[in-house]
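Under this note's numbering, the letters of the sequence shown match residues 392 to 888, in that order. What follows is a short report on a single structure.
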Amino acid sequence: MTVKSSLPAVNVVWFKRDLRLLDHAPLAEACRRPLPILMLYVFEPTLVEDRHYSMRHWRFVWQSIEDLNRQLEPHGARIQVVAGEAIECLESICRRYTIDTLLSHEETGLAKTFERDRQVRRWCGSNRVNWVEFPAGAVIRGNKSRDDWDRHWNRIMRAPIESADLAGNRYAELDVAELFDVPADWRESSPLMQLGGETAALEVIDDFYIERGQSYHQGISRPEESRHSCSRLSPYLAWGNVSLRLVYQRLLAHWNRPGWRRPLSALSSRLHWRCHFIQKFESEAEMEFRPVNCGYRDFPYRTEVASETDLQRWQNGTTGYPLVDACMRCLDATGYINFRMRAMLVSFVCHQLRIDWQRAAPHLARVFLDFEPGIHYPQVQMQAGVTGTNTIRIYNPVKQSMDQDPDGNFIRRWCPELAALPTQVIHTPWELTDLERQMYDLDYPDPVVDIKVASKQAREQLWSWRRRPQVKQESARILALHVRPDRGRSRRGAQKA
Ligand SMILES: Cc1cc2nc3c(=O)[nH]c(=O)nc-3n(C[C@H](O)[C@H](O)[C@H](O)COP(=O)(O)OP(=O)(O)OC[C@H]3O[C@@H](n4cnc5c(N)ncnc54)[C@H](O)[C@@H]3O)c2cc1C
């Protein structure tokens, strides 16, 4: 039997995608216990270098930690930020302290974090460290049935907000030499991106419920208006600067405000979808690497060299389709685009360019400031049409452009080379004559693909696959595992299933 050392005992609160103080169950629990608390954040090279992440994410995390530290300062506490793989860092802490209990939230993440958590569990077992994990939102670890899931969601979201009694605790620290000196460029803020941190998150919530949210449902599909009228809470929820419960309870507090029922009801659905999607990923995480519907494993995507060039044009915003290009450039600069435009981007790359969703998903993850594996992968697959259970949607980027950006303001902002074009041709610049192109001094690429021909081919192919026996068989399995029984096979709320 291993004998515990005489080093001072601490409890470690391990912050991951839960960078907040309010409604943080592991922290609240640590504060109820008598031992000093060591608050830990680990920048893990395996994740920092992962293809789904980019500097914008680590900046946001760093901003969030700085915000926590400002709030913790009056209590004499500070997040101890280290770099290294999780077990290395825990071992290094064990050279100074005896870890009694490790407290954290469960994480529904990439395969890498799942594997890391398995290793940490083993390490805790062999080092006599008690690891207490708390559920994140309404997601149920390893759940294999949706019976009663909605009731569970409501129970969790209506439960009291956890409050950590930070005063009067003792806080443990590491040596300065053990702490991570974050790279200078992570410390620079980017004015076009949302600022990380619990304080910023709470301001965005207040701002939404006080005024912005009243037009939520009106501008939701428009790329320009939605930047103001949507809640813009996604990075804060993704990195845990605020809990879903808190957002939902604020919504309930405003429920009876005159003139707000419609927008609040639309937002409420989306807050439900959040956990619904993450639950799918929790229950079938293999979908990071394969279509959830195995019947689509051999779907004939392009693989030739030219497909890589086309993928690059999609990524760089040079497809020759103004709305697609404006969305990509806007994402690159700001980290945000609304739901419909995300769906259109996936539709374009998977349907019209016939490029595998697996080649497209990591790029979108890198540019979405709100990258959340549990929403991202199920949504990408749904829009790519490889679930077999959802309506097949092939977006026409020209129609979307005319419908959602009728005056071309969004396009003009993100594709300045098109700014001088009259509105009637801004959605279809390829229709200009050579003389007109010269007149406008136009330097903009021709379309990467003929949209009508490509859409027709994609539609025929997707429908022929949909009829395959294996796809149908898998669809039945997916509905049984991932869909709440009361939703059955109905197509209501098609975004969700
Ligand atoms: C291909 C694709 C990939 C996506 N990847 C992500 C991702 O990585 N991270 C992410 O947070 N969202 C993702 N979404 C969902 C959605 O587009 C964003 O949550 C939303 O646009 C964020 O803006 P908002 O916070 O203003 O949302 P609001 O419309 O104000 O909604 C409030 C919150 O509800 C949740 N939510 C909204 N729509 C959905 C949805 N369709 N499914 C699940 N939850 C939802 C989000 O947490 C969001 O912050 C993806 C959608 C698509 C089509």
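Ideal Cβ positions, reconstructed from N, Cα and C, are used throughout, including at glycine. Remember, it's a predicted structure, so these values are computed and weren't measured experimentally.
Proximity of residue i and residue j at Cβ, strictly below 8 Å
i, j, result
"V401", "A563", "yes"
"M430", "I484", "no"
"W821", "H663", "no"
"D414", "E524", "no"
"P876", "V777", "no"
"L493", "V530", "no"
"G765", "F680", "no"
"S612", "Q770", "no"
"L586", "A724", "no"
"T499", "F672", "yes"
"D623", "V595", "The sequence given here has Arg at residue 623, not Asp. In contact: R623 and V595 (Cβ atoms closer than 8 Å)."
"L412", "A502", "no"
"Y831", "A811", "yes"
"G610", "S625", "no"
"V715", "L702", "no"
"L833", "E851", "no"
"L760", "G726", "yes"
"Y687", "W577", "no"
"L481", "V452", "no"
"R512", "W522", "yes"
Beta-carbon contacts of residue i that lie in its chain and below 6 Å, excluding the five residues immediately before and after
i, result
"F406", "Y432"
"W705", "V740"
"A474", "F434, F571"
"E763", "A629"
"A734", "Q774"
"G528", "L635, C666"
"R883", "Because the pLDDT at R883 is just 39, under 50, the model does not fix this residue reliably, and the value given afterwards should be weighed accordingly. Cβ neighbours of R883 beyond the five flanking positions: none."
"T824", "none"
"R487", "none"
"V839", "D701, R704, T710, G711"
"R618", "none"
"T504", "E498"
"Y627", "A592, V633"
"D747", "Y692"
7 Å Cβ shell around residue i - same chain, five flanking residues per side excluded
i, result
"I728", "P614, C718, C721, L722"
"S396", "T489"
"H645", "Y600, W651, L655"
"R757", "H443, Y444, S445"
Rounded C-alpha distance that separates residue i from residue j
i, j, result
"P526", "G588", "21 Å"
"A421", "I547", "20 Å"
"T710", "R859", "32 Å"
"Q791", "L655", "25 Å"
"E695", "L853", "20 Å"
"A591", "E579", "16 Å"
"I439", "D508", "For the record, residue 439 in the displayed sequence is Val; it is not Ile. Using only the alpha carbons, I get a separation of about 16 Å."
"S866", "F690", "16 Å"
"R745", "A657", "33 Å"
"D798", "W805", "14 Å"
"S581", "Q861", "48 Å"
"Y768", "L398", "44 Å"
"I478", "R461", "28 Å"
"N534", "E677", "14 Å"
"L565", "H443", "30 Å"
"H818", "I802", "8 Å"
"P427", "V404", "11 Å"
"E616", "E602", "14 Å"
"D597", "P417", "25 Å"
"G375", "A697", "What the structure shows of the chain is the stretch from 392 to 888, and residue 375 is not part of that stretch, so it cannot be assessed."
"V638", "E497", "20 Å"
"D538", "R532", "15 Å"
"H448", "E827", "43 Å"
"R408", "E699", "33 Å"
"T782", "Q815", "32 Å"
"Q510", "D441", "18 Å"
"M793", "R561", "60 Å"
Close-in-space but distant-in-sequence residues of the same chain around residue i (CB under 8 Å, 5 per side omitted)
i, result
"E675", "V683, L872, H873"
"I842", "Y712, Q743, N787, P788, V789"
"L642", "Y600, L655, L658, S659, L662"
"R424", "N402, T492"
"Q864", "G686"
Check: residue i C-beta below 7 Å from any heavy atom of ligand 3
i, result
"S698", "Ligands in the displayed structure: ligand 1; ligand 3 is not one of them."
Does the count of Cβ pairs from the region 645-661 and the region 625-636 closer than 8 Å reach three? no
Touch test, the region 448-457 against the region 566-585, Cβ-Cβ under 8 Å, three pairs minimum: Enough Cβ pairs lie closer than 8 Å, so yes.
Assess, as a yes-or-no matter, whether the region 780-789 is touched by the region 844-853 under the definition of 3 or more beta carbon pairs within less than 8 Å. yes
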